[in-house]
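Engineer: Once you've had a glance at the structure underneath, I'll fire off some questions.
2 protein chains.
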Amino acid sequence: MTEADSQVLRIADEDGDRHDHVRRFPDIISQVKDSYAELRPAERRVADVVLDDVKYAVDASNAALAQRAGVSEPTVTRFCRAIGCEGVRDFKLKLAQSLVVGALYLATKPQPANSDSGMPFWNAVFGEARRALQEAERQIDPGQLQKAAELIAKARQVTVFGLGGSSSALAQETQYRLFRYGITISAQCDPYLMRMTASTLKPGDLVIAISATGRTREVIEAVELAKHYRANAICVTAPDTELTKVCDVRLTVAVPEYPDTLKPTASRYAFLAAIDLLAVATAYKIDGPARETVRRIKYNAQIHRTGKEMEPLGD
Amino acid sequence: MTEADSQVLRIADEDGDRHDHVRRFPDIISQVKDSYAELRPAERRVADVVLDDVKYAVDASNAALAQRAGVSEPTVTRFCRAIGCEGVRDFKLKLAQSLVVGALYLATKPQPANSDSGMPFWNAVFGEARRALQEAERQIDPGQLQKAAELIAKARQVTVFGLGGSSSALAQETQYRLFRYGITISAQCDPYLMRMTASTLKPGDLVIAISATGRTREVIEAVELAKHYRANAICVTAPDTELTKVCDVRLTVAVPEYPDTLKPTASRYAFLAAIDLLAVATAYKIDGPARETVRRIKYNAQIHRTGKEMEPLGD
DNA sequence: GCGATGTGTGTTACTTTCCTACATACTTGG
DNA sequence: CCAAGTATGTAGGAAAGTAACACACATCGC
């Protein structure tokens, strides 16, 4: 199954592409979960044992695992291969690493009473969200942010590019955030329209490219096109990716993920924060005029409202 | 040396003291450096080889390391013990883990005291985002969440309503999150279409209404309409609002806001988390089929990608 | 200066661990 | 109901890791 081995963790690493094999950390645990459907019955018993007590599995031997799962040793070996490892050794190594990743990223610092109410994913969702924010706070470069805000503030027209489940939503969000300050801005979430829009740009115009991976072909090409017509480009993406190479200003965050396939990616929180920063920084740059348009929007949105007027900008 | 004190990283762990050796993630690399003085000459050569290329050391065998260091195999074993491991196997395991810890913590941090770098809003953005998450974690009722997930899982068709800068984006987001699990879902962000859609609903259908304020007239009316046609309704909104009154299941968070007019509302983070919870809870309810559709989506999204196949679901 | 003691390292042989090859039982479709 | 294929176990063998011993060299006491 080519598919089975697609669970990887991208980690920031300054030294380019050289050490590709370490830049990605395996997440065996979700790899196991993912392959579970394709496993043979005996192998599933192994999977159950492993998932049931990962810590035990890490330093148990092939034989020990086999016994605990009630299967033969070769079955354990086959299980390891089935989920995309080279053998038992390789499996245990990767499992050990996943354990670290898991523990680091799922560990929630504050643990109020409510947490994990019989729902294993509860902590994961909040833990990773917090984690993502933390990474964003740590990694986003204030200098680049300032530059980005300046570019936006003085741009004649801004276009946001983003494709895919999270990035297109973030592109939209960027538009919603920035139009409030009187900025001419539109989001493009269709690769054709992206190219077409890029073709219309002129010097003084600005593109904001959003991509969680930094490798979305269509977005990169659209940005290149925009650059060709002398527009400026800002990216909100993962560090050291193809997209960063074609942009003038880079807001980057690497959010190491613990990818339970069924869980939405936590990187959205990080990028959302990036967009918020961008928005506020820009607003502060424009200030006077921005406050005025915000006031107007608020006023006009409110006359529609029942009762209380003192609402935040609202929905 | 900053790394001298990073001997061990304590990690939260629920189940007591049993697996002490895994609860602390060792930073073998600094451990090696620390013990370096006490090592015998031959062992130092091993240490040099390891430190010189940790990534190699992780998956090299005892023999391979011995050869590279120009020593005998037992010397490598002795080296491992000298620095506090049980043997070569144990050493390699810990080394692999350290590699992860290292990459996660030590790799990306060119800016240590990044916070509030002359930008007054920096802390506000992150602080409020964090607080919003915290409130969400505290306030969202797990019981309601379970009920919501059940409703979604067994609904024939789901429609999401949301209006305004943040709620319409969140409605979109909900759609993007849930369609992955094979759920028939569409988001409506236009008050007319909302009413029209509501009119088409039947028993067994489901509405998810999203509103930061809980008072958006149009949304409430659309939900009432939907209820009139016997559809179920879930809301994601502020507690004790008009909207909660007309819904069967309520996911509510109140996020006290610090009203800087220029700053995007932090409640989005809370609601985003609510949506994530909803998504994961639902996914776990459906499980098998959900995994299958996710797998398919993943696969089909990937074949579009350049070169490397090893991407996570991506943008 | 010469042997006694001890430390550092390699050699050899043994154990554990893992894997391949083959055999057997169980499905499944014609 | 048989043939082909699939799933799993058994047994032997290769590899990795380790323990025990042996040798070399240093150090110290006399």
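These protein sequence lines map, in sequence, to chains H and X.
Counting from 1, one number per residue, gives the positions in the first sequence under the UniProt record's numbering.
Counting from 1, one number per residue, gives the positions in the second sequence under the UniProt record's numbering.
We treat Cβ as the ideally placed atom computed from N, Cα and C, and that holds for glycine.
Just so it is clear, the structure is predicted and the values come from calculations on it, not from any experiment.
(1) Under 8 Å, Cβ to Cβ, is there at least one residue of chain H near Gly165(X)?
(2) What residue from Leu99(H), Leu178(H), Thr174(H) and Ala233(H) has the CA that sits closest to Leu201(H)'s CA?
(3) Return the CA-CA distance between Gln111(H) and Arg156(X), expressed in angstroms with no decimal places.
(4) Should Met196(X) go down as buried or exposed, given a rule of 16 or more other Cβ atoms within 10 Å for buried?
(5) Could you tell me the alpha carbon to alpha carbon distance between Val236(H) and Val54(X), rounded to whole angstroms?
(6) Check this for me: beta carbons of Ala212(X) and Phe161(X), under 8 Å apart or not?
(7) Residues of chain H with CB closer than 8 Å to the CB of Val76(X), please, in chain order.
(8) If we define contact as Cβ-Cβ less than 8 Å, is Val207(H) a contact residue for chain X?
(9) Going by other Cβ atoms of all chains shown within 10 Å of its Cβ, with 16 needed for buried, is Arg40(H) buried or exposed?
(10) From what residue to what residue does the alpha helix (DSSP H) around Thr265(H) run?
(11) Run the CB neighbour count on Asn123(X), radius 10 Å, all protein chains shown included, and call it buried at 16 or more, exposed below.
(12) Using the C-alpha atoms, what's the distance from Glu86(X) back to Gln67(H)?
(13) Using DSSP with H/G/I as helix, E/B as strand and the rest coil, what is Asp205(X)?
(14) Would you decide whether Gly143(X) is buried or exposed? Buried here means 16 or more other CB atoms lie within 10 Å of its CB.
(15) Quick one: complete alpha helix (DSSP H) runs, 4+ long, within the segment 153 to 180 of chain X?
(16) Within the chosen definition, does the segment 179 to 198 of chain H reach the segment 125 to 140 of chain H through at least 3 CB pairs nearer than 8 Å?
(17) Got a sec, what are the start and stop residues for the alpha helix (DSSP H) Thr244(X) sits in?
(18) At a Cβ threshold of 8 Å, is Val100(X) touching chain H?
(19) Which whole-angstrom value is the C-beta distance of Leu145(H) and Leu277(H), which I expect to be below 8 Å?
(20) May I have the straight-line CA-CA distance separating Val219(X) from Val100(H), to the nearest angstrom?
(21) Relative to the C-alpha of Arg44(H), which candidate in Ile83(H), Asp59(H), Asp27(H) and Tyr56(H) has its C-alpha closest?
(22) Where Lys227(H) and Ile185(H) are concerned, what is the direct C-alpha to C-alpha distance, given to the nearest angstrom?
(23) So with Cβ pairs under 8 Å, would you call Glu173(H) a contact of chain X?
(24) Nearest by alpha-carbon distance to Ile29(X): which of Ile152(X), Thr159(X) and Leu93(X) is it?
(25) For Ala222(H), I'd like the list of residues in its chain whose CB is within less than 7 Å of its CB, leaving aside the five on either flank, ordered along the chain.
(26) Establish whether the CB of Ser6(X) and some CB of chain H are separated by less than 8 Å.
(27) Applying the 10 Å Cβ sphere with the 16-neighbour rule, what's the burial state of Ala283(H)?
(28) Between which two residues does the beta strand (DSSP E) holding Thr237(H) run?
Structural biologist: Based on what the coordinates show:
(1) Numbered from 1 along the second sequence, position 165 holds the residue referred to as residue 165(X). Any Cβ of chain H closer than 8 Å to the Cβ of Gly165(X) would place that residue at the interface, and such an atom is present.
(2) Here residue 201(H) refers to the residue found at position 201 when the first sequence is read from its first residue. Checked all of Leu99(H), Leu178(H), Thr174(H) and Ala233(H); the closest Cα to Leu201(H) is Ala233(H).
(3) In the first sequence, the residue the question calls residue 111(H) occupies position 111. In the second sequence, the residue the question calls residue 156(X) occupies position 156. Its pLDDT being 40, under 50, Gln111(H) is placed unreliably by the model, and the measurement read from it follows with that caveat. So the two alpha carbons sit approximately 37 Å from each other.
(4) Position 196 of the second sequence, counted from the first residue, corresponds to residue 196(X). Here Met196(X) is exposed, its C-beta having fewer than 16 other C-beta atoms within 10 Å.
(5) On the first sequence, residue 236(H) is found 236 positions in, with the first residue counted as 1. On the second sequence, residue 54(X) is found 54 positions in, with the first residue counted as 1. Rounded to whole angstroms, the gap between the alpha carbons of Val236(H) and Val54(X) is 32 Å.
(6) Position 212 of the second sequence holds residue 212(X). Position 161 of the second sequence holds residue 161(X). Not a contact, by the Cβ cut-off of 8 Å.
(7) Your numbering for residue 76(X) matches position 76 in the second sequence. Correct list: empty, because the minimum Cβ distance to chain H is about 16 Å.
(8) One-based indexing of the first sequence puts residue 207(H) at position 207. With 8 Å as the cut-off, Val207(H) does not count as an interface residue toward chain X.
(9) Taking the first sequence and counting its residues from 1, the one referred to as residue 40(H) is at position 40. Burial call: exposed.
(10) Position 265 of the first sequence, counting from 1, holds the residue named residue 265(H). From DSSP, Thr265(H) is part of no alpha helix (DSSP H); its letter is neither H nor E.
(11) The residue you call residue 123(X) lines up with position 123 of the second sequence. Exposed, because fewer than 16 other Cβ atoms sit within 10 Å of the Cβ of Asn123(X).
(12) Taking the first residue of the first sequence as position 1, residue 67(H) is located at position 67. Taking the first residue of the second sequence as position 1, residue 86(X) is located at position 86. Taking the Cα positions, Gln67(H) is about 24 Å away from Glu86(X).
(13) Taking the first residue of the second sequence as 1, we reach residue 205(X) at position 205. Asp205(X) carries a strand assignment under DSSP once its states are collapsed to helix, strand and coil.
(14) The sequence position of residue 143(X) within the second sequence is 143, counting from 1. So Gly143(X) counts as exposed.
(15) As far as the segment 153 to 180 of chain X is concerned, its whole alpha helix (DSSP H) runs of at least 4 residues are 167 to 178.
(16) As far as the Cβ criterion goes, the segment 179 to 198 of chain H does not touch the segment 125 to 140 of chain H, which means the pair count is below three.
(17) Walking along the second sequence from the start, residue 244(X) turns up at place 244. Run containing Thr244(X): Glu242 to Lys245, per the alpha helix (DSSP H) assignment.
(18) Here residue 100(X) is taken as the residue at index 100 of the second sequence, counted from 1. Taking Cβ atoms only, chain H reaches closer than 8 Å to Val100(X), which makes this a yes.
(19) Position 145 of the first sequence, counted from the start, is the residue given in the question as residue 145(H). Position 277 of the first sequence, counted from the start, is the residue given in the question as residue 277(H). The Cβ separation is near 6 Å, so the contact holds.
(20) The sequence position of residue 219(X) within the second sequence is 219, counting from 1. The sequence position of residue 100(H) within the first sequence is 100, counting from 1. In this structure, the alpha-carbon of Val219(X) lies about 45 Å from that of Val100(H).
(21) Translated into the one-based positions of the first sequence, residue 44(H) becomes position 44. Closest option to Arg44(H), Cα to Cα, is Ile83(H).
(22) As a first step, residue 227(H) must be located in the first sequence, where it is residue number 227. As a first step, residue 185(H) must be located in the first sequence, where it is residue number 185. Lys227(H) and Ile185(H): Cα-Cα distance of roughly 17 Å.
(23) Counted from its first residue, the first sequence places residue 173(H) at position 173. Yes, because at least one Cβ of chain X sits closer than 8 Å to the Cβ of Glu173(H).
(24) Within the second sequence, the letter at position 29 stands for residue 29(X). Ranking Ile152(X), Thr159(X) and Leu93(X) by Cα distance to Ile29(X) puts Leu93(X) first.
(25) On the first sequence, residue 222(H) is found 222 positions in, with the first residue counted as 1. So the qualifying residues of the chain are Phe161, Met194, Arg195 and Ala198.
(26) Taking the first residue of the second sequence as 1, we reach residue 6(X) at position 6. With a pLDDT of 34 at Ser6(X), under the threshold of 50, the modelled position of this residue cannot be trusted; read the value that follows with caution. At a cut-off of 8 Å between beta carbons, Ser6(X) makes no contact with chain H.
(27) The residue given as residue 283(H) occupies position 283 in the first sequence. Ala283(H) comes out buried.
(28) Taking the first sequence and counting its residues from 1, one reaches residue 237(H) at position 237. Here the beta strand (DSSP E) through Thr237(H) covers Asn232 to Thr237.
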